[in-house]
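Student: Numbering (this note's numbering), first residue to last: 5 to 404. Please find one structure pasted underneath; my questions will follow.
Structure follows, in structure tokens:
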């Protein structure tokens, strides 16, 4: 079997076998969306001779970590033919995806898993979630505006403005985890005829009818005034719609703007995260301005040898840097990543992590959790400083 770049027609049959029938209209829309992506080398396949056995897409996203944006490889559409499952094809494909993400210059990657083992075996670890909240439309309608907000309908020509809003809002909020599509993809999404789209100076909303209720695809607001205007706009359909389902941050302002809160129905759709290029990922991340860190730790990454070794992590003034001090010696035994791979040895007794553990730490998973799950071991003197440095409540508003 070998790895090759894909063409649109090659992947459509695989998608039908994995996800069910694809209408002619959907197939045409899908070709328009992925054509440019394939030209950029962002769609890979595993071939058994001339037959396609598996495929995956490496989406180009921007992702914020403590308010600082960086390019992120979003892995999607991982599909394996029914007759090729159980042969290790998925693992081989994901190894190629990680390598391609590195070639494309992405230092971090994320995905929504249909299954955990194959992704954990290639260095991905659980990090955050898309939080889907069911809200009463009447409760949203009752949110009172705090002042005039100019709202206008938007469309494909507003793609650049939407991206600009996201950069301003997520940066100011010091958000961790949310993503943005590129302008080309936003232009496609903003052309959907069944969506209702409204833009403000510091926010926007995309929503649609869903079997008599309302489903919000995206709502972002950079101020109380805009948050009130957009959420009350969504709730203005309360005479017909009883419920509104919306992706929200775990501490989204709407949860404080509504008059009543008691029992709430929420669904978490988990996503996994991986550091692809350790040095670049540390340098591109944002950190609390008042935090200082100077720590040495050992990392083991079987897929990306350049990440393996003893690293010095330094953070100050909101900036971070990772310097490779030398190669680590693999331990004969010890805690690993849950897939049987031991953490690297550190003769001085310092902290040790597999790439899974480091990826989880980067995403804000507390060191106490990492130690109790076997993803971090060794010296614990830097644990509190690491927790403060990488503190985050990662979330996404978008599913991909």
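Every residue, glycine too, gets a C-beta built ideally from N, C-alpha and C.
Starting from residue 54 and walking both ways along the beta strand (DSSP E), at which residues does that stretch end?
Tutor: Run containing residue 54: none; DSSP gives neither H nor E here.
Student: The beta strand (DSSP E) spanning residue 317 covers which residue range?
Tutor: Element bounds for residue 317: 313-320.
Student: Label residue 366 either buried or exposed according to how many other C-beta atoms from any shown protein chain fall within 10 Å of its C-beta, with 16 as the threshold for buried.
Tutor: Per the 10 Å Cβ criterion, buried.
Student: Given residue 344, which residues of its chain have a CB within under 8 Å of its CB, disregarding the five upstream and five downstream residues?
Tutor: Unreliable placement is indicated for residue 344, whose pLDDT of 45 sits below 50; no coordinate value is reported for it.
Student: Any contact of the segment 72-90 with the segment 21-37, i.e. 3+ C-beta pairs under 8 Å?
Tutor: The segment 72-90 vs the segment 21-37: in contact.
Student: From residue 41 to residue 253, what does the alpha carbon distance come to, in whole angstroms?
Tutor: Looking at the two C-alpha atoms, the distance is approximately 29 Å.
Student: Sort 362, 156, 392 by Cα distance to residue 406 and report the nearest one.
Tutor: Since the first residue of the chain shown is 5 and the last is 404, residue 406 is not available in this structure.
Student: Please work out which residues of its chain come closer than 7 Å, Cβ to Cβ, to residue 95, disregarding the five sequence neighbours upstream and downstream, and give them in chain order.
Tutor: For residue 95, where only same-chain residues beyond five positions count, the Cβ hits under 7 Å are 122, 125, 126.
Student: In angstroms, rounded to a whole number, what distance separates the CA positions of residue 237 and residue 101?
Tutor: Those two C-alpha atoms are separated by around 41 Å.
Student: Buried or exposed for residue 274, going by 16 or more other Cβ atoms inside 10 Å?
Tutor: Residue 274 should be labelled exposed.
Student: Using alpha carbons as the reference points, say which of 74, 249, 185 lies closest to residue 281.
Tutor: It is 74.
Student: So, at 6 Å on beta carbons, what are the nonlocal neighbours of residue 146 in its own chain, with the 5 sequence-adjacent residues on each side left out?
Tutor: Excluding positions up to five away in sequence, the list reads 263.
Student: Hey, could you find the ends of the alpha helix (DSSP H) residue 15 is sitting in?
Tutor: Note, residue 15: alpha helix (DSSP H), 12-23.
Student: Mind checking whether residue 165 and residue 203 have CB atoms under 9 Å apart?
Tutor: Closer than 9 Å, so yes.
Student: Since residue 59 and residue 81 are thought to touch, with beta carbons under 8 Å apart, how far apart are those beta carbons, to the nearest angstrom?
Tutor: That belief holds up - the Cβ atoms of residue 59 and residue 81 are roughly 7 Å apart, short of 8 Å.
Student: So residue 50 and residue 97 are in contact, right, with Cβ under 8 Å, and what is the actual spacing, rounded?
Tutor: 5 Å between Cβ atoms; contact.
Student: My assumption, with CB atoms under 8 Å, is that residue 381 sits in contact with residue 397. Please give the rounded CB distance.
Tutor: 25 Å between Cβ atoms; not a contact.
Student: Could you tell me the distance, in whole angstroms, from the CA atom of residue 54 to the CA atom of residue 15?
Tutor: Approximately 13 Å between the Cα atoms of the pair.
Student: Considering residue 246, what are the terminal residues of the beta strand (DSSP E) in which it resides?
Tutor: Residue 246 -> no beta strand (DSSP E), and no H or E assigned at all.
Student: Please state if the CB of residue 148 and the CB of residue 232 are separated by a distance shorter than 9 Å.
Tutor: Against a cut-off of 9 Å, the Cβ pair of residue 148 and residue 232 comes out as a contact.
Student: So residue 221 is in the beta strand (DSSP E); what residue range does that whole segment cover?
Tutor: Residues 217-225.
Student: Does the beta carbon of residue 96 come closer than 9 Å to any beta carbon on chain D?
Tutor: The displayed structure is made up of one protein chain only, and chain D is not part of it.
Student: Going by DSSP, name the residue or residues bridged to residue 76.
Tutor: The partner list for residue 76 (beta bridge, DSSP) reads 65, 112.
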